[in-house]
Amino acid sequence: MAIVTGAASGMGRATALLFADEGARVVVADLGAERVAAVVDHINDVHGPERAIGVECDVADHAQLRALVERTVAWGGRLDIVVNNAGVSLITSALQDEAEFEDNWARTLDINLTAHARLIRLALPHLVESGAGRVVNIASTESIVATGGLAAYAASKAGVTGLTRSLAVELGRHGVTVNCICPGPIDTGMTAAIPDEAKATYARRRVPLRRYGLPEEVAHMTLNLCLPASSFVNGTTIPVDGGMTVRHT
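Quick note on numbering: the numbering used here labels position 197 of the sequence shown as 194, and the sequence is numbered without any gaps.
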């Protein structure tokens, strides 16, 4: 039984579909009832009824996260996997208007970092009871390298890697592993506004594999961290970036 946040599009959608393909029951959590329903309907059409349910959820709202966990356990009777994928990227420049900076900073950290910690805490009793609880946090290579004007995004994603390490140490004794993935340039809704020519130029200059990644490539790494074969993997931060962050020239 898995919760995937931000599961109505991009990497979250790819993860929800892949988990269902591998036999998991999946809770699709995101904003937008129609978007959520589209993913749930797709999974249930392919795999039969009761393989997935949708929960419309703003992860920045603590009460909605609590309701998400309660709905999951009421439906499936257990909770084994949490994938903290939901995220936003809002402009936070040292040079922008103060009110806009403050609003964007707070919203970004609430969604990208605080929600991760809250959902893990709410899910923890069930993850422990599972006997093999798995948490996968989706950060970003922006926690390793950075883009100007996205201070809150970079700070929140660096926070996710620190949160992952701390909780991995704390929760390991309870049989729960906590790991982190740092996607690099991936073709998702967040990068959709970038012109194709600009993407191709960036990939040629910065990515050894010379292309953007696919959401499914991140989803497969997420799945790998939840398999029995990865039961001794804990506290890791894994870039899925085509080698971008190790390229020097």
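No residue lacks a Cβ here, since even glycine has one placed at the ideal position from N, Cα and C.
query	result
Whole runs of the alpha helix (DSSP H) within the segment 44 to 122, excluding any shorter than 4 residues	59 to 73 and 95 to 106
Close Cβ partners of Leu164 (< 6 Å) along its chain, the five nearest in sequence each way excluded	Val175
For Arg170, the three-state DSSP class (helix, strand or coil)	helix
Asn101 beta carbon less than 8 Å from that of Thr2	no
Other residues of its chain near His44: CB distance less than 6 Å, five sequence neighbours each side excluded	Ala17
DSSP state of Pro212 mapped onto helix, strand, coil	helix
For Ile40, the nearest candidate out of Arg244, Ile235 and Arg10 (CA to CA)	Arg10
For Leu147, the residue or residues it bridges with in DSSP	Thr89
Cβ contact (3+ pairs, closer than 8 Å) linking the segment 12 to 26 and the segment 208 to 226	yes
Per-residue DSSP class, three states only, for Asn231	coil
Short Cβ contact (8 Å threshold) for Val215 with Met8	yes
Best match in Leu62, Ile117, Val66 and Gly73 for proximity to Glu47 [C-alpha to C-alpha]	Gly73
Buried or exposed (CB count within 10 angstroms, at least 16 for buried), Ser228	exposed
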